[in-house]
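Asks: Numbering of the sequence shown is given in our numbering, commencing with residue 2 and proceeding in unit increments.
For glycine and all other residues, C-beta sits at the position ideal for the given N, C-alpha and C.
Attaching a single structure in structure tokens format; questions to follow.
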Amino acid sequence: MRASTGTYYLRPLGTPHVWHADYYIAASATDQDAIAALTYHSREDANAIVIFDRVYDQTDTLNLYDNITYRGGGLLRACQVSTVLTEELSPVGVDLVVESTSGFVANRAVFISPSNGYEPSIWASAISGAPSDATHMRINAPLGYTASAGWRVSVVWQQIRQIEANGTQGPTPGMVIEDMEFDGNAACNTYVHDWRYQDIGAIKSATVTGVYVHDTPAEAFTVCGTTLRRSRFVDLAGSIVHKSCSAPGNADVIDEVTTIRTNQLGDALLGHSEGTITLSANAGHITVTRSAFTNGREGFFGTLNGDDAGNVAAGNTIVRHARWCSRVADDAIDIAINTYVDTPQVGGCP
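Laid out in structure tokens, this is it:
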């Protein structure tokens with residue numbers, strides 16, 4: 002039954018259980034509470050189908066679990082909570098003095114930096130407790146470096162996180178995402194674009210079909226061993242996928258995907274987002290087929306390294322990208338047969 006409508010659902014014997022997000026709305030204070038309850042209570046129902054009945058307002062990371070299919074509706078990222086330091090924070094300090102603590106709550110990750118881009122030596126810290134008053138709050142551990150007055154303090158989070166049914170974070174090989182919308186709400190998420198903290202999340206050993214991703218403040222997905230099909234990506238600050246595996250040998254598939262306006266903020270700001278498809282550590286074995294990629298401000302493929310072997314791109318159309326790939330790497334990719342329009346091979350590609 003969906004409590005918000007009073008509607009009952011019957012399922013044929015032997016078919017998967019179906020869980021509806023609307024069932025939890027009546028007993029929940031917010032959309033976030035409802036969808037968190039939905040994914041938590043369905044987590045041990047192997048092979049169940051979880052239905053998002055509409056696009057839900059999201060204020061924190063949503064846990065998704067293995068052997069579950071998530072379908073329909075979507076998630077709208079909330080506007081970013083941010084403030085400014087009004088006093089210097091020493092390398093051993095944990096007490097922050099800021100313009101305002103409005104919107105900050107306990108146990109959220111914050112990014113403390115002098116700019117909205119990638120910071121190679123600066124990492125997020127968790128707020129250990131609720132703000133003590135309107136201008137004071139505390140982080141759980143010293144940053145280890147000086148944060149000057151005027152630096153930004155911003156809440157950062159990924160929209161989804163993969164969790165095994167037993168609560169362990171990590172790859173969820175049976176997870177499926179179908180026909181969902183991920184709205185990054187970029188217009189009011191302008192304070193942090195670092196690719197590590199503001200993406201949708203890691204999709205590893207999973208199947209993603211028919212998603213619509215748009216207006217991201219950073220990249221879309223980090224992938225490893227994932228199949229991505231029949232999906233659309235529009236107006237992304239960074240890459241559609243950032244392939245990164247802890248070890249080589251994991252194959253990824255991208256098929257029948259459409260992208261329009263990727264890497265709009267560029268690699269220089271995000272820090273490691275050199276192409277519509279970005280390749281990171283142990284990124285070999287990715288196959289890209291039957292897809293159309295239009296208006297990318299960086300390369301189609303990002304930087305190719307020596308371990309990026311076994312990649313294939315065939316039957317794709319690449320339109321108005323800055324280059325085909327970022328630099329030469331021997332045997333890094335089989336270009337195969339693609340159509341290129343206004344996409345020079347600056348930097349080369351084998």
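Excluding the five sequence neighbours on either side, which residues of its own chain have a C-beta within less than 7 Å of the C-beta of Gln265, listed in chain order?
Replies: Around Gln265: Asp236, Leu237, Ala238 and Arg298.
Asks: The alpha helix (DSSP H) that contains Tyr41, what's its start and end?
Replies: It spans Asp32 to His42 - the alpha helix (DSSP H) in which Tyr41 sits, taken as one unbroken run.
Asks: Give the C-beta separation of Thr340 and Arg321 to the nearest angstrom, bearing in mind that I take them to be a contact with Cβ-Cβ under 8 Å.
Replies: Not really, about 12 Å apart at Cβ, beyond 8 Å.
Asks: Helix, strand or coil: how does DSSP classify Tyr213 here?
Replies: DSSP places Tyr213 in strand when its eight states are reduced to three.
Asks: Apart from the five residues on each side of it in sequence, which residues of its chain come closer than 7 Å, Cβ to Cβ, to Gln159?
Replies: Same-chain partners within the cutoff: Thr62, Asp200, Ile201 and Gly202.
Asks: Within a Cβ cutoff of 7 Å, which residues of the same chain sit near Ala125, ignoring the five residues on either side of it in sequence?
Replies: For Ala125, where only same-chain residues beyond five positions count, the Cβ hits under 7 Å are Ala110, Val111, Phe112, Val157 and Tyr198.
Asks: Do Gly130 and Ala107 have their C-beta atoms within less than 7 Å of each other?
Replies: A contact, by the Cβ cut-off of 7 Å.
Asks: What residue range is occupied by the uninterrupted alpha helix (DSSP H) comprising Ala315?
Replies: Here Ala315 belongs to no alpha helix (DSSP H); instead the beta strand (DSSP E) covers Asn312 to Ala315.
Asks: Let me know the secondary structure DSSP gives Pro17 once reduced to three states.
Replies: Of the three classes helix, strand and coil, the one that applies to Pro17 here is coil, per DSSP.
Asks: Evaluate Val329 with the Cβ neighbour count: other Cβ atoms within 10 Å of its Cβ, from every protein chain shown; 16 or more gives buried, anything less gives exposed.
Replies: Residue placement at Val329 cannot be trusted, given a pLDDT of 49 that sits under 50; what the coordinates show is reported in the next sentence. Val329 is exposed by the Cβ-count criterion.
Asks: Short of 6 Å in beta carbon distance, which residues of its chain neighbour Thr290, apart from the five on each side in sequence? Order them along the chain.
Replies: Excluding positions up to five away in sequence, the list reads Asp256, Ala315 and Gly316.
Asks: Using the C-alpha atoms, what's the distance from Asp67 back to Val82?
Replies: Those two C-alpha atoms are separated by around 31 Å.
Asks: Just curious, the alpha helix (DSSP H) that Asp268 is in, first and last residue?
Replies: That run of the alpha helix (DSSP H) goes Asp268 to Leu271.
Asks: Nearest-angstrom Cα distance between Thr277 and Ser133?
Replies: Cα to Cα, Thr277 sits roughly 43 Å from Ser133.
Asks: So, is Ala142 buried or exposed, given that buried needs 16 or more other C-beta atoms within 10 angstroms?
Replies: The residue in question, Ala142, is exposed, as its Cβ has fewer than 16 Cβ neighbours within 10 Å.
Asks: If I measure Cβ to Cβ from Glu88 and keep anything under 6 Å in the same chain, skipping five residues before and after, which residues do I get?
Replies: For Glu88, where only same-chain residues beyond five positions count, the Cβ hits under 6 Å are Val98 and Ala150.
Asks: So, Trp152 versus Pro92, is the Cβ gap smaller than 7 Å?
Replies: Taking 7 Å as the Cβ cut-off, Trp152 and Pro92 do not qualify as a contacting pair.
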